[in-house]
Amino acid sequence: MKIAVFPGSFDPYTIAHHDLIERALGLFDKIYVAIGINSSKVGMMDVESRKTAITNLYANNPKIEVTFYQGLTIEFCHQVGATVILRGLRNGTDLDYENIIAQNNLILAPEIESYFLVSRSGKAHISSTIVRDIWKNNGDIEGLVPNEVLEVIKKLK
Numbered sequence: 000m001k002i003a004v005f006p007g008s009f010d011p012y013t014i015a016h017h018d019l020i021e022r023a024l025g026l027f028d029k030i031y032v033a034i035g036i037n038s039s040k041v042g043m044m045d046v047e048s049r050k051t052a053i054t055n056l057y058a059n060n061p062k063i064e065v066t067f068y069q070g071l072t073i074e075f076c077h078q079v080g081a082t083v084i085l086r087g088l089r090n091g092t093d094l095d096y097e098n099i100i101a102q103n104n105l106i107l108a109p110e111i112e113s114y115f116l117v118s119r120s121g122k123a124h125i126s127s128t129i130v131r132d133i134w135k136n137n138g139d140i141e142g143l144v145p146n147e148v149l150e151v152i153k154k155l156k
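For the sequence shown, numbering that gives the first Met the number 0 begins at 0 and goes up steadily by one.
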């Protein structure tokens, strides 16, 4: 089985995340959407709400499993038998940042590769940070997050 891990905070999970997963489905037999837990961060959504929202989005897709993890992403990859870390790139800044992480991951676990998918046109401007800021300032995020995520977010307010 070709297994990938798509790690992130996903606070919140955006249509850009969703687009990346949809495009990656043909490349892998299983994709873990792995929500990293950082107990020192207080986000827009608690981790259980994030998991619920993303799980609802992929309820009918057995190739996707939504879970939590703590610690190094490569250690989580070892736990689930993944050989690929899946990441999205919006711009050159993302590439520089993700390249540094990927290079260090290769030192720690040379058997785990990082695959990068470039954001589609029209989605590269979407980030969880910007969505959180819009939401906190009472802006409309309807076109920025999947409906399943929006439904959970509305219950939190």
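All residues carry an ideal CB built from backbone N, CA and C; glycine is no exception.
Please list the terminal residues of the continuous alpha helix (DSSP H) segment that includes S48.
The residue you call residue 48 lines up with position 49 of the sequence shown. Counted as a single uninterrupted DSSP element, the alpha helix (DSSP H) harbouring S48 occupies residues V46 to L56.
Assuming contact is defined by CB atoms lying nearer than 9 Å, are T72 and G35 in contact in what I supplied?
By 1-based counting over the sequence shown, the position of residue 72 is 73. By 1-based counting over the sequence shown, the position of residue 35 is 36. For T72 and G35, yes; Cβs fall inside 9 Å.
If I'm right that V32 touches I63 with Cβ under 8 Å, what's the distance once you round it to whole angstroms?
Taking the sequence shown and counting its residues from 1, one reaches residue 32 at position 33. Taking the sequence shown and counting its residues from 1, one reaches residue 63 at position 64. Contact check for V32 and I63: beta-carbon distance about 6 Å, within the 8 Å limit, so the pair qualifies.
Assuming P11 contacts I84 (C-beta within less than 8 Å), just tell me the rounded distance between them.
Stepping through the sequence shown from its first residue, residue 11 is reached at position 12. Stepping through the sequence shown from its first residue, residue 84 is reached at position 85. In fact, because the Cβ distance is near 21 Å, the residues do not count as touching under 8 Å.
Note down, in chain order, each residue of its chain lying with its Cβ closer than 7 Å to the Cβ of F75, except the 5 sequence neighbours on either side.
Within the sequence shown, numbered from 1, the residue matching residue 75 stands at position 76. Excluding positions up to five away in sequence, the list reads V4, A33 and Y68.
Would you kindly report the start and end of the unbroken beta strand (DSSP E) that includes G87?
Your numbering for residue 87 matches position 88 in the sequence shown. G87 -> beta strand (DSSP E) spans V83 to L88.
What's the C-alpha gap between L19 and G87?
By one-based count along the sequence shown, residue 19 stands at place 20. By one-based count along the sequence shown, residue 87 stands at place 88. About 7 Å.
Measuring alpha carbon to alpha carbon, tell me which of G138, I125 and I129 ends up nearest A15.
The residue given as residue 15 occupies position 16 in the sequence shown. Of G138, I125 and I129, the residue nearest in Cα terms is I125.
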